[in-house]
Amino acid sequence: MAGMISTEAFSCFVFYGVLLVIKMYIIAFITGQVRLRKKAFANPEDALRHGGLQFHREDPYVERCRRAHNNDMENILPFLFLGAIYSLTGPSLAVARFHFLVFFLGRVLHSVAYLLALRAPTRSLAYIVAQIPCVSMALQILAAVAAYA
Numbered sequence: 061m062a063g064m065i066s067t068e069a070f071s072c073f074v075f076y077g078v079l080l081v082i083k084m085y086i087i088a089f090i091t092g093q094v095r096l097r098k099k100a101f102a103n104p105e106d107a108l109r110h111g112g113l114q115f116h117r118e119d120p121y122v123e124r125c126r127r128a129h130n131n132d133m134e135n136i137l138p139f140l141f142l143g144a145i146y147s148l149t150g151p152s153l154a155v156a157r158f159h160f161l162v163f164f165l166g167r168v169l170h171s172v173a174y175l176l177a178l179r180a181p182t183r184s185l186a187y188i189v190a191q192i193p194c195v196s197m198a199l200q201i202l203a204a205v206a207a208y209a
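Remember, our numbering sits 60 above the position in the sequence shown when you count from 1.
See below:
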């Protein structure tokens, strides 16, 4: 990775960030496959291609997959920003890795709970667990730059 910022914390962030992006692609792929299996298409031209306009409809499980994907976008994108900046503030590698791992595991559990409709409050707890490192990173970033503001 010549020419890249190369701190251990940043490399660790990149590892978990890429895993999270791959997870988002997997959820998007699952959503598409469920659409095909359930024959529930959001666009008329897709429905026509797969059997007719009667398949231009919503399906509860397709919508569940879409909500899981949307939730990923709402939470992983801010993590990517916070994690990148946080990793450049000089945190200890162990602490940074813990932040990134907790967020990653929380988001994986959140997606599993969403897609499999696990009993409440599994999904909510996974969401909260994943938010804790983001709040921590945000506060540490603010503390690190407060002297310059």
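Every residue, glycine too, gets a C-beta built ideally from N, C-alpha and C.
Given the structure is predicted, the values throughout are model-derived calculations rather than measurements.
Is it the case that the Cβ atoms of residue 139 and residue 163 are separated by a distance below 8 Å? yes
Straight-line Cα distance separating residue 166 from residue 193: 10 Å
Assuming residue 129 is part of the alpha helix (DSSP H), what are its boundary residues? 120-147
Assigned secondary structure, residue 110 (DSSP; H/G/I helix, E/B strand, else coil): coil
Is it the case that the Cβ atoms of residue 143 and residue 73 are separated by a distance below 8 Å? yes
To the nearest whole angstrom, what separates the beta carbons of residue 113 and residue 104, a pair I think is in contact under 8 Å? 6 Å
Bridge partners for residue 101 per DSSP, in chain order? 116
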